[in-house]
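Chains as they are written, first to last, in my numbering: chain U, 3 to 86; chain B, 1446 to 1595.
Using N, Cα and C, we set each Cβ at its ideal position, and we do this for glycine too.
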């Protein structure tokens, strides 16, 4: 799986949890999940759990704390995949 | 952790405590009961001259027993020193209501944990009346954190 595929896959997960007033077009690598995409903390947990399933990885509390932007999430996914 | 201790740690009091007794709690779920007090204020208006327990109150009862009491138990197992301050927020609920609950009826709530991760507890809940009839069922999630400094 390439970086672009990871991004595509992550975008598809994030889309599901966007609030109604935020369009999927707003998602970019720089987007801040909470401050810009308005994702609440409960939905952020759902995103993390979906990411775990989609990439077959396991995230810890520290990973969640570091996951502020879409780019952060991609970096964490890459790191976890390289550890496997 | 004793059941009485868990009830004591619940962040509710009358008129909004909907837990009388915890019957069972383990890692995977909780079971508890509550008898709806016929003097509760909401019966005066729901409905006019025809008191029936509102669905939101049934949901609340399911959440207090099935999610919050279970959450306190799980937090207590997980954290070295649990503070007295527990921060709780309902994050979502999806319920189906199948039978009415009248004043003075006793109900039993059971919950099954789907997951408790990153402070979010998601459970399937069911409520039965004293006839053993299913009253409502659904899925409730909440965010739970214990405030160690609190």
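Nearest by alpha-carbon distance to residue i: which of the options is it?
i: residue 1480 of chain B; options: B/1589, B/1574, B/1490 and B/1489; result: B/1574
i: residue 1568 of chain B; options: B/1562, B/1551 and B/1586; result: B/1586
i: residue 44 of chain U; options: B/1576, B/1566, B/1468 and B/1492; result: B/1566
i: residue 1552 of chain B; options: B/1477, B/1450, B/1461 and B/1446; result: B/1477
i: residue 1581 of chain B; options: B/1538, B/1562 and B/1590; result: B/1538
i: residue 1463 of chain B; options: B/1482, B/1488, B/1450 and B/1475; result: B/1482
i: residue 1592 of chain B; options: B/1541, B/1531, B/1579 and B/1494; result: B/1531
i: residue 37 of chain U; options: U/31, U/8 and U/71; result: U/71
i: residue 1466 of chain B; options: B/1507, B/1546, B/1562 and B/1545; result: B/1507
i: residue 10 of chain U; options: U/51, U/79 and U/41; result: U/79
Can you tell me whether residue i is buried or exposed? The criterion is at least 16 other CB atoms within 10 Å of its CB, across all chains shown.
i: residue 1558 of chain B; result: buried
i: residue 1501 of chain B; result: exposed
i: residue 1560 of chain B; result: exposed
i: residue 1564 of chain B; result: buried
i: residue 1509 of chain B; result: buried
i: residue 16 of chain U; result: buried
i: residue 33 of chain U; result: buried
i: residue 1544 of chain B; result: exposed
i: residue 1460 of chain B; result: exposed
Considering only residues of the same chain and omitting the five flanking positions on each side of residue i, which have a CB-CB separation below 8 Å?
i: residue 1473 of chain B; result: 1557 and 1558
i: residue 60 of chain U; result: 54 and 82
Check for me: the beta strand (DSSP E) holding residue i runs from which residue to which?
i: residue 1590 of chain B; result: 1579-1592
i: residue 1471 of chain B; result: 1466-1471
i: residue 1450 of chain B; result: Taken as a continuous stretch (DSSP letters only), residue 1450 of chain B belongs to no beta strand (DSSP E), being part of the alpha helix (DSSP H) at 1448-1454.
i: residue 66 of chain U; result: Note, residue 66 of chain U: premise wrong, no beta strand (DSSP E); alpha helix (DSSP H) at 63-68.
i: residue 1480 of chain B; result: 1474-1480
Under 6 Å Cβ to Cβ from residue i, same chain only, skipping five residues before and after it: list those, please.
i: residue 1588 of chain B; result: 1534, 1536, 1564 and 1565
i: residue 1555 of chain B; result: 1476 and 1571
State the start and end residues of the unbroken alpha helix (DSSP H) segment that holds residue i.
i: residue 9 of chain U; result: 5-19
i: residue 57 of chain U; result: 43-57
Who are the near neighbours of residue i in its chain, counting only those whose CB is closer than 7 Å to its CB and skipping five residues on each side?
i: residue 13 of chain U; result: 29
i: residue 18 of chain U; result: none
i: residue 1485 of chain B; result: 1460
Can you find at least 3 beta carbon pairs, one from the region 21-37 of chain U and one from the region 1509-1519 of chain B, that sit closer than 8 Å? no
Does the region 61-78 of chain U come into contact with the region 1452-1462 of chain B, if we say contact requires no fewer than three beta-carbon pairs (one atom in each stretch) closer than 8 Å? no
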